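Visitor:
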Amino acid sequence: MELRKSYFADQRTDDLHEIGQPRPRSDSPGHVTGKTAYFADRNFPGMLHLKMVRSPHHHARIRSIDTSEAQKHPGVVKILTAKDVPHNVYTILILIQIGPEDETVLADGKVRWKGEAVVAVLAETERAAQEAAAKVKVDYEVLPAVFDMEEALKPSAPVVNEYHGRNYYLYDSGECRKVRFGDVEAGFAGADHVLEQTYQSSPIEHAPTETTGCIVAPEGNDRFTCYTNTQAMFFTLDNASIILQMPGNRLHFVGGTVGGGFGGKVDVIVEPIAILGAKLTGRPVSFIYSREEEMQISSPRAAEKVVIKDGVMKDGRIVARKVTGYTDAGAYSRHSPYGAQKGAGHYPGPYTIPNVWIDTYCVYTNRTPSSAMRGFGVTIGDFALEVQMDKLARLIGMDPLEFRFINAYRDGDIKAHRQPTEGAALIECMQEASRAANWPVAEKFMAISSYAKGA
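When we follow this note's numbering, the leftmost residue of the sequence shown carries the number 795, and every step to the right adds one.
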C-alpha cells in the first residue's frame, strides 16, 4: 500500500498508527486451523429439526391443508401452520416505519412465489422432518403469475400482493421515488447529442459457503437463546419480538462468525419460526437451509432495469440526464423499497449535471423476494451509468477518462438531491488511476483538484 500524502495535506494529520500499516486479520488463525466456531457447531440434547413444506407454484390460492398423515409419521413432534404464528403478517422494515406489513411467516390462504413456506414440521431427526413434510397435502388453485416488471405495472396484470393492492410500492412521492433538478427537457433540447440506452440485470444469488440457519434453545421462564448467522443481530431480534408478540428481553441472540453473508443474511426468515417451535415444544430447535433451499429460497440481489437518457455537448459536458429504474422486489417488500430509493439518490452518478430527472420503481412480481446484497440499489446502477459514460465518450470522440474529468463532481457542487458535495476526491482518484494504469490524459486534467472548479 502506498499513501499519497500530497493530496489533501491540509485536511489530514500524519500521526496515524494503523492506517497504512499491514495488520493481520484477528480471525485468520481460527480459520486456517479449523478452530473457528459457527452456530451449527452446537448440539443440544433432545434437539428437534425443522423442515418446511414449500409451495411448488409461483401464485396459487390455498384451498386446504391436510397434515393428518404427516402427524402420524414416526419422529414427528409438532406441525405448525399460519394459525400458530402470533403475528403472522410482517415486514422487516417496519422497524424504520416502512410499511405496510405485507409478508407471511407461513402462507395463509395464498402463496405468491415458488418456494414460499406453508407448513413447518418439527421432528426428532432431519430425515423424519423431511419425510413428514412430503406427506403434508396442500390443495392449491393455481393463479396467473407475472414475472416481468413492466408487465406487472400494466393495469391488466394480476395483483401479486393484496397487502399493497397494486404491483408497486407507494412512496410519499407516488408510484415511484422521484428526483427533479433543473429542466431536463430544456437540457435535451439544447444538447448537441442525445443518447438513450437500456441496461438490465438478472437476480444474483449470494451463494454463501454456510447456508442460512439458526439453533434455538429454551432457557426456562419463557426465555430463549437463539444462535444465528444473521448479519443484523438487533434488527432480527426486534422483528422476532414483533412476530412472536414476545418482549425482546426474553430473547437472547448470539451471533459470531458468519460463513459468508454479503447482505443475504439480513432478512428475518428462520429465527422467528424456530423460536416459536422451541416455545411450543419446550425443546431446542435447529432450522438450517439445505443448499437447494439456499439457492431457491434465500433472497437474491434484485433483478433491475435501468433506462438512461443523456444530453451531451460536443465539448464533453453532460447537460441533461433522465433515468427510469425498476427494482424487482419479488413477491414481498423486504429491503427493496429502500434499495430503489437508494438508486434514485445515486443514479445521477458522481457527476455534476445541471438537469436531472429520476424515477425509480419498486415492483412486485411472483419471483423469489429480493433483498440486500453488497450495495444493493446502487451496484447495478453504477454498472449502467459507467457503461453509459463510455458510450457517451465514444459518441463525441473523446477519451473516456478525460470525459469523466470534465463532468466529475467537486466539493461545493450541488447534487441532484440538493445536497452539497463534500470530500469528493473523485478527481484525485482518477488521477492516480491514470498513473497506475499508464493511461495518458491531458496535463490540464492532472493539474485540477476536487476542491473547486478551475483549481
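Note that the Cβ used here is the ideal one computed from N, Cα and C, for glycine as well.
What you are looking at is a predicted structure, and each value in this text was computed from that prediction instead of being measured.
(1) In terms of alpha-carbon separation, which member of Phe1197, Thr1118 and Gln865 lies closest to Gly1171?
(2) Are Val1113 and Pro1066 touching if we call contact CB-CB under 8 Å?
(3) What three-state label does DSSP hand Asp1153 in the structure shown?
(4) Using 8 Å as the cut-off, can you tell me whether the region 902-913 makes contact with the region 835-853, which would need three or more C-beta pairs spanning the two stretches below that distance?
(5) Does the pairing of the region 987-1005 with the region 1097-1111 give three or more beta-carbon distances under 8 Å?
(6) Please work out which residues of its chain come closer than 6 Å, Cβ to Cβ, to His1046, disregarding the five sequence neighbours upstream and downstream, and give them in chain order.
(7) DSSP three-state call for Phe1296: helix, strand or coil?
(8) Are the region 1078-1086 and the region 838-845 touching, with three or more C-beta to C-beta distances below 8 Å?
(9) Give me the Cα-Cα distance between Glu1196 and Gly1110, rounded to the nearest whole angstrom.
(10) Residue range of the beta strand (DSSP E) that Lys1209 falls in?
(11) Please look up how many angstroms separate the CB atoms of Ile1037 and Tyr884, rounded, as I've assumed it's under 8 Å.
(12) Provide the residue(s) that pair with Ser1165 in DSSP beta bridges, ordered along the chain.
(13) Spatial neighbours of Thr1185 within its chain, please: C-beta separation below 7 Å, excluding the five flanking residues on both sides.
(14) With a CB to CB cut of under 6 Å and the five nearest residues on each side skipped, what residues in its chain are close to Tyr963?
(15) For Val870, which three-state DSSP category applies?
(16) Output the boundary residues of the alpha helix (DSSP H) element that contains Phe1197.
(17) Grouping DSSP H, G and I as helix and E and B as strand, with all else coil, what is Gln991?
(18) In chain order, which alpha helix (DSSP H) runs of at least 4 residues are fully inside the region 909-958?
(19) I'd like the list of long-range same chain contacts for Val1181, defined as Cβ closer than 7 Å, with 5 residues on each side in sequence excluded.
(20) Return yes when the Cβ of Asn1033 is within less than 8 Å of the Cβ of Ile813, no when it is not.
(21) Assuming the contact rule is C-beta atoms closer than 8 Å, Asp1207 and Thr1159 should be a hit. Round their C-beta distance to whole Å, please.
(22) Nearest to Pro1012 by CA position, among Thr1006, Glu1004 and Tyr1021, is which residue?
(23) In terms of residues, what are the limits of the alpha helix (DSSP H) holding Gly1133?
(24) Quick check: what's the CA-CA separation for Val1060 versus Gly1071?
(25) Which one of Ser1093, Ala1230, Phe1056 and Pro1144 has the shortest CA to CA distance from Arg1168?
(26) Can you tell me whether Leu844 is helix, strand or coil according to DSSP?
Guide: Taking the definition as stated:
(1) Thr1118
(2) no
(3) strand
(4) yes
(5) yes
(6) Thr1019
(7) For residue 1296 there is no data in the structure shown, the boundaries of the chain being 795 and 1249.
(8) yes
(9) 9 Å
(10) No beta strand (DSSP E) holds Lys1209; DSSP gives it neither H nor E.
(11) 5 Å
(12) Arg1095
(13) Looking at the sequence provided, one finds Lys at residue 1185 rather than Thr. Hits under 7 Å: Leu989 and Gln991.
(14) Pro1131 and Cys1156
(15) strand
(16) Pro1194 to Asn1201
(17) strand
(18) 920-929 and 943-946
(19) Tyr993
(20) no
(21) Between Thr1159 and Asp1207 the Cβ distance is about 37 Å, and since that is not below 8 Å, they are no contact.
(22) Tyr1021
(23) Ser1130 to His1140
(24) 21 Å
(25) Phe1056
(26) strand
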